[in-house]
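J.:
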Amino acid sequence: MQHSYSGKVRDLYTDGDDLIMVASDRVSIYDVVLPTPIPDKGKLLNQLAAWWFGRTEHIVGNHVISTEDVPEEFRGRAVRCKRLEMLRVECIVRGYLTGLGLREYQRDGAISGVHLPEGLVEGDQLPEPIFTPTTKAEQGHDEFITFADVADQIGAELANRLREYSIQVYTEGAAYAKERGVLIADTKFEFGLDADGNVLLADEILTPDSSRFWNVDEWQPGGPQRSYDKQLVRDWASGTGWDKTAPGPEIPADIAESTSARYREVYERVTGTAWNP
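Everything in the sequence shown is counted per the working numbering, starting at 95 for the first residue and increasing by one.
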């Protein structure tokens with residue numbers, strides 16, 4: 095294997111025609127990787143994503159070749175996957191009003207060109223899931239774009255397929271999770287093309303790093319919701335006086351463990367399986 099790329103959380107290795115994608119325990123906020131790992135985070139992300147890939151392959155194929163045929167030192171946190179030509183679009187689906195989407199709605203009454211009813215408040219469920227793509231920036235922040243922008247970039251037929259796949263995977267995933275006490279407020283998908291031109295779902299899917307998960311019993315529109323993700327780290331960091339530039343601060347042990355516990359809780363709720371690292 096040869097190391098080919100390191101992202102904020104994942105490392106990529108080439109192994110012949112395949113890629114080995116390894117999910118680390120790193121955590122990033124405000125585009126800065128903090129020096130303290132979150133216990134078991136990489137394994138939780140990898141195994142939850144693998145579980146979802148298996149449940150959604152009737153909708154769209156994915157990049158997974160094997161979760162077992164990986165180097166022993168990466169077992170549990172790695173997947174052998176197909177090499178794809180990645181499409182430079184972040185395919186975001188929103189079912190609830192929150193995050194940057196809330197900001198766009200408050201300013202324009204729309205998100206990525208999709209107009210929404212007046213009078214919605216933070217945390218409200220939208221009338222139906224909406225496709226709100228963004229750019230996929232090499233550096234800095236992604237920016238909202240419209241569906242027409244995506245069509246101009248990759249062609250109308252392919253853009254329509256990305257929107258259709260994204261909304262269908264989100265809709266089925268959100269319905270399944272809700273039955274298990276978890277609301278998926280929004281999520282991000284990435285797609286690529288294989289050597290034969292097939293569209294495949296890649297990277298990760300419906301994990302706490304790519305989605306916002308809320309507890310059904312705690313959901314109360316009108317303000318921020320408690321999330322099963324790294325929001326706890328963001329909230330802690332915001333109170334430290336840190337200027338959001340590298341290097342980031344060390345995370346206290348109790349914050350790191352509480353964050354890990356949130357990842358474990360959403361894994362167990364969604365999969366119905368007790369976490370065993």
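From the three backbone atoms N, C-alpha and C, an ideal C-beta is built for every residue, glycine too.
Taking a contact to mean a Cβ-Cβ separation below 8 Å, would you say residue 97 touches residue 105 in this structure?
T.: Closer than 8 Å, so yes.
J.: Can you tell me where the beta strand (DSSP E) holding residue 285 begins and where it ends?
T.: Taken as a continuous stretch (DSSP letters only), the beta strand (DSSP E) holding residue 285 covers 276-287.
J.: Please determine if the stretch 252-268 and the stretch 152-159 are in contact, where contact requires at least 3 C-beta pairs separated by less than 8 Å.
T.: Yes: the two stretches touch, three or more of their Cβ pairs being nearer than 8 Å.
J.: Please determine, among 335, 297, 180, the residue with the shortest C-alpha to C-alpha distance to residue 141.
T.: Here the closest residue by C-alpha is 297.
J.: Between which two residues does the alpha helix (DSSP H) containing residue 135 stretch?
T.: Per DSSP, residue 135 belongs to the alpha helix (DSSP H) from 135-150.
J.: Looking only at DSSP bridge pairs, what is residue 183 linked to?
T.: Paired residue(s): 229.
J.: Our contact map puts residue 135 next to residue 116 with C-beta atoms below 8 Å; I'd like the distance itself, whole angstroms only.
T.: Incorrect: roughly 12 Å between the Cβ atoms, too far for contact.
J.: Does the stretch 212-221 come close enough to the stretch 238-246 that 3 or more CB-CB pairs lie under 8 Å?
T.: Verdict: no, contact absent.
J.: Between the beta-carbon of residue 185 and the beta-carbon of residue 307, is there less than 8 Å?
T.: Contact flag unset, no.
J.: According to DSSP, simplified to helix, strand and coil, what is residue 248?
T.: Helix at residue 248.
J.: Between residue 158 and the rest of its own chain, which residues show a CB-CB distance below 7 Å, the 5 nearest in sequence each way excluded?
T.: Result list for residue 158: 144, 147, 173, 175, in chain order.
J.: Report buried or exposed for residue 314, applying the criterion of at least 16 other Cβ atoms within 10 angstroms of its Cβ.
T.: By the 10 Å Cβ count, residue 314 comes out exposed.
J.: Are three or more beta carbon pairs between the stretch 190-198 and the stretch 275-289 nearer than 8 Å?
T.: Contact holds: three or more Cβ-Cβ distances are below 8 Å.
J.: Which residues in the same chain as residue 259 place their Cβ atom closer than 6 Å to its Cβ, once the five residues preceding and following it in sequence are excluded?
T.: Cβ within range, chain order: 154.
J.: Keeping to the same chain, check which residues put their C-beta closer than 6 Å to that of residue 119; ignore five residues upstream and five downstream.
T.: Hits under 6 Å: 131, 132, 135, 136.
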